[in-house]
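*Asks:*
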Amino acid sequence: MRMKRMAAIAAAAGLAVTMAACGGDSDEGGSGSGAGGIVGKAESQKKLVIGVKADQPGLGLQTGSQYEGFEIELAKIIAKGLGVEEGNIEWKTTVSSNREPFIEQGTVDLVVATYTINDERKQKVGFAGPYYLAGQDLLVRADSDITGPESLEGKTVCSATGSTPAKRITEEYPKAQLEQFDAYSKCLPLLENGQVDAVTTDDIILAGYAAQDQYAGKFKVVGKRFSDEPYGIGLKKNDTAGCEKVNEILKAAASDGSYKAAWDATLGKSGTPAPELDTTKLTHCSAA
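In case it helps, mature numbering (1 follows the signal peptide of the UniProt record, and there is no 0) puts the sequence shown at residues -23 to -1, 1 to 265.
1. Leaving out the 5 sequence neighbours to the left and right, which residues in its chain are closer than 6 Å to D174 when beta-carbon positions are compared?
2. How many whole angstroms separate the CB atoms of E20 and L36, which I take to be in contact at a CB cut-off of 8 Å?
3. Given that a residue counts as buried once 16 or more other Cβ atoms are within 10 Å of its Cβ, and exposed if not, what is K23?
4. Mapping DSSP to helix, strand and coil, what is S204?
5. Could you give the first and the last residue of the continuous alpha helix (DSSP H) run that contains P78?
6. Near I54, which residues of its chain fall below 7 Å by C-beta distance, leaving aside the five closest residues on each side in sequence?
7. Which of helix, strand or coil does DSSP assign to A239?
8. Does the stretch 158 to 174 come into contact with the stretch 96 to 109, if we say contact requires no fewer than three beta-carbon pairs (one atom in each stretch) closer than 8 Å?
9. For T40, is the classification buried or exposed, using 16 other Cβ atoms within 10 angstroms of its Cβ as the cut-off for buried?
10. Where does S128 land, buried or exposed, given buried means 16+ other C-beta within 10 angstroms?
11. Could you work out which residue in A52, K69, T71 is closest to E62 when comparing CA atoms only?
12. So K228 and A251 are supposed to be a Cβ contact under 8 Å. How far apart are they, rounded?
13. Could you give the distance in angstroms between the alpha-carbon of E148 and the alpha-carbon of G64?
14. Verify whether the separation of the beta carbon atoms of A137 and F158 is less than 8 Å.
15. Within the 8 Å Cβ cut-off, does D114 reach chain B?
16. Could you check the C-alpha separation between D4 and G14 for me, to the nearest Å?
17. Report yes if the C-beta distance between G28 and F79 is below 8 Å; otherwise report no.
18. Here's the rule I'm using: 16 or more other beta-carbon atoms within 10 Å means buried, otherwise exposed. How should E50 be labelled?
19. Between K258, N224, E156, V199, which has its C-alpha nearest I123's C-alpha?
20. Please report the distance separating the alpha-carbon of R118 from that of L183.
21. Using only alpha-carbon positions, find the residue among Y92, E67, H261, T256 that is nearest to R76.
22. Pick out whichever of Y109, T178, Q154, C220 has its Cα sitting closest to the Cα of G139.
23. Roughly how far, in whole angstroms, is the beta-carbon of K197 from the beta-carbon of K101, given that I think they are within contact range, below 8 Å?
24. For a test of the three-state rule: what should DSSP assign to I66, helix, strand or coil?
25. Could you give the distance in angstroms between the alpha-carbon of Q189 and the alpha-carbon of S121?
Put into structure tokens, the structure is as follows:
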């Protein structure tokens, strides 16, 4: 009888240990989760899933199975700094509306996708960076008389669902009619054929669209910024170690010339000089 009681106690203890271990593993679930966040995953698995845009020339553009652009090159630099080779990066196409869900659900480890850092998003995800300061602007037809956001009353403006630019138009320029799609690129044919009067997002994205061969001479960027859009690298909320490590990698990229080289090989081909990466403005990484 005593032997049976001892066996039952041992079995219960073993079950408790097993349940505790399972509980520890499921604490934060998904890619980049658990002890060490993205740093831990990169060290243990030597691979990363990175969310990027696929329809933004010069920044993140997919052709077949290949991705190219400044943010793609920057993501490679970050992955290398984390100890992950380019061949072990899995690229995941993201759109503006699914960046937070992808991070929260563990679909991706990082997002490098024209991702503006703001307080609302920081309630859901963490950010390293910023690595670039953009500004909202307007893309219009070459013969348009639109001179800035103050000209949008009664005009139809196209943007991306879930994006900061779309939200700003709704809140600050309510007399404009807003059309929204899951990707900015879907606005371009509508602008070309006159179904919308302007496309709005960040200036550097618009410049890339305007420079495409198929739209050469048809569009122009108004050139009147009406916001500041600091682009950050999205990661799991409270992954302080991951945030700090990515910021360290950005500092190194600024000093060793790899940030400038990434720009020159992509957006720099348009004649736009590489910006200075101001490392004094990198985010303060702390758990909320």
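For every residue, glycine included, the Cβ atom is placed at its ideal position computed from N, Cα and C.
Remember, predicted model here, so these are calculated numbers, not experimental data.
*Replies:* Taking the coordinates as given:
1. K132, T133
2. About 29 Å separates the two Cβ atoms, so there is no contact after all.
3. exposed
4. coil
5. 76 to 82
6. I226, A230, S235, A239
7. helix
8. no
9. exposed
10. buried
11. A52
12. In fact, because the Cβ distance is near 16 Å, the residues do not count as touching under 8 Å.
13. 43 Å
14. yes
15. Any reference to chain B falls outside this structure, which holds one protein chain only.
16. Note that D4 scores 36 on pLDDT, short of 50, meaning its location in the model is unreliable and no value can be drawn from it.
17. yes
18. buried
19. V199
20. 12 Å
21. Y92
22. T178
23. Rounded, the Cβ-Cβ distance is 36 Å, inconsistent with contact.
24. strand
25. 19 Å
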